[in-house]
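Undergrad: Just dropping this structure here.
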Amino acid sequence: MSDVIGTKVAIPGASGAGIIRYVGQIQGKIGTFAGVELLGTLATTRGKNSGSVDGIQYFQVEIPKSGLFLPYERLKSVNPGLANVNPSSKTPLTPVNNRTYQNVRNSMINENFANPDLTLKYESEIAELQRALREKEKRLENFNNQREEWRAAMDELVAVQQEGIQVYEDRIEELENENKAQQEKLDNANASLTAANSKIKELEQSIDNLLSEKVNDVQIDDSRKEIEQLKRELESRPRLEDLEELQNSLDELESIYQQQLNEKDAIITKLQVERDHLSHELYSTPVVHQSTADDSPQELPIY
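Throughout, this note's numbering is defined as the position within the sequence shown, counted from one, plus 58.
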């Protein structure tokens with residue numbers, strides 16, 4: 059696997075990269091592992107070691123604690139371009155003196171070859187040890203597989219959680235912007251409503267003043283007319299014999315005056331109804347954003 063040494067690869071479950079520094083077995087573990095030197099910020103956040111496991115140095119790193127070991131197949135799952143592992147070409151873990159081991163083993167076999175019972179005992183013990191070793195290796199392999207599954211699930215959970223957090227943060231920002239826009243609209247509406255209320259009060263005051271002026275004008279004009287009429291009648295009929303006719307005229311004038319008063323009351327009532335109707339329209343009209351020429355009070359007709 060020396061052809062992949064120095065290759066820059068993506069790291070599973072993280073947004074970063076690293077460089078392959080070692081591919082092979084690790085003492086006490088089953089399977090083929092890749093030793094990666096992490097780059098950038100990933101070196102400080104995901105780094106586990108400096109290229110060594112249990113005191114055995116497998117590769118060197120420039121930044122302490124920037125190394126990471128992970129199963130080669132897991133690394134290959136996110137880097138499909140990596141070559142497949144060849145079981146026959148696995149790198150040995152540490153320098154082992156195989157010749158010394160064979161010499162000792164042959165010496166023990168030669169020493170005990172003359173004793174068949176002892177040989178059978180050793181073979182039985184060896185078989186038992188091999189069986190126990192196989193079981194232990196199988197349990198260890200299952201444990202490693204389960205651990206890798208847990209780690210993969212945890213990486214996936216973290217990725218999903220980070221994605222969910224980002225979605226919530228985006229939604230919160232969107233809602234805050236909407237709330238700000240709504241608040242601005244509400245402030246503008248309140249300002250427009252205040253201006254409209256002020257305008258309504260001005261119009262009501264103008265209506266009251268106009269009604270008062272119209273009523274006073276009508277009363278003064280009617281009184282003047284009556285006085286002038288009486289003066290003329292008195293001047294034209296100063297004799298005693300005409301008093302009866304004058305009295306009739308006065309009665310008729312009083313009737314006319316009463317009729318005019320009734321008409322005035324009707325005019326006042328009508329003006330008040332129009333004022334109430336105008337006030338109702340002003341309060342029920344939507345907020346006016348700008349003044350127009352029609353906003354100025356118009357002169358009411360005189361009946």
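Idealized CB from N, CA, C, for every residue including glycine.
Please confirm if the region 229-240 is in contact with the region 94-101, defined as three or more CB-CB distances below 8 Å between the two stretches.
TA: no
Undergrad: Please state if the CB of residue 101 and the CB of residue 121 are separated by a distance shorter than 9 Å.
TA: Yes, these two residues count as a Cβ contact at 9 Å.
Undergrad: Can you list, in chain order, the residues of its chain with a C-beta nearer than 6 Å to that of residue 233? Leave out the 5 residues immediately preceding and following it.
TA: Taken in chain order, the list of residues that qualify is empty.
Undergrad: In whole angstroms, what separates the C-alpha of residue 202 from that of residue 89?
TA: 9 Å
Undergrad: Is the number of C-beta pairs between the region 329-342 and the region 254-269 that are closer than 8 Å three or more?
TA: yes
Undergrad: Residues bridged to residue 66 by DSSP?
TA: 77
Undergrad: Please list the terminal residues of the continuous beta strand (DSSP E) segment that includes residue 331.
TA: No beta strand (DSSP E) contains residue 331, which is instead part of the alpha helix (DSSP H) from 301-342.
Undergrad: How would you call residue 182, buried or exposed, if buried means at least 16 neighbouring beta carbons within 10 angstroms?
TA: Result: exposed.
Undergrad: Taking contact to mean 3 or more Cβ pairs, one atom from each stretch, closer than 8 Å, check whether the region 280-292 and the region 306-322 are in contact.
TA: yes
Undergrad: Is the beta carbon of residue 114 sitting closer than 9 Å to the one on residue 84?
TA: yes
Undergrad: Could you give the distance in angstroms between the alpha-carbon of residue 333 and the alpha-carbon of residue 309?
TA: 36 Å
Undergrad: Distance check for residue 80 and residue 215, CA to CA, integer angstroms please.
TA: 28 Å
Undergrad: Restricting to Cα atoms, I'd like to know which of 301, 200, 268 is closest to residue 330.
TA: 268
Undergrad: For residue 143 and residue 184, I'd like the C-alpha separation in whole angstroms.
TA: 31 Å
Undergrad: For residue 78, count neighbouring C-beta atoms within 10 Å of its own C-beta (all shown protein chains included) and say buried if the count is 16 or more, exposed if not.
TA: buried
Undergrad: Using a C-beta cutoff of 9 Å, does residue 133 count as contacting chain C?
TA: The displayed structure is made up of one protein chain only, and chain C is not part of it.
Undergrad: Just to confirm, are residue 291 and residue 307 a CB contact at a threshold of 9 Å?
TA: yes
Undergrad: Can you tell me which of the three DSSP states residue 149 falls into?
TA: Interpretation of residue 149 is limited by its pLDDT of 44, a score under 50 that renders its predicted location unreliable; no figure is taken from the coordinates.
Undergrad: What does the alpha-carbon distance come out to for the pair residue 229 and residue 235?
TA: 10 Å
Undergrad: What are the complete beta strand (DSSP E) segments, minimum 3 residues, inside the region 104-141?
TA: Fully enclosed beta strand (DSSP E) runs of 3 or longer: 125-129.
Undergrad: Exposed or buried, what is residue 363 when buried is set at 16 or more other beta-carbons lying within 10 Å of its beta-carbon?
TA: The shown model of the chain, from 59 to 361, leaves out residue 363, and the question about it has no answer.
Undergrad: Since residue 4 contacts residue 105 with CB under 8 Å, what's their CB separation in whole angstroms?
TA: Residue 4 is absent from the structure shown; the chain starts at 59 and stops at 361.
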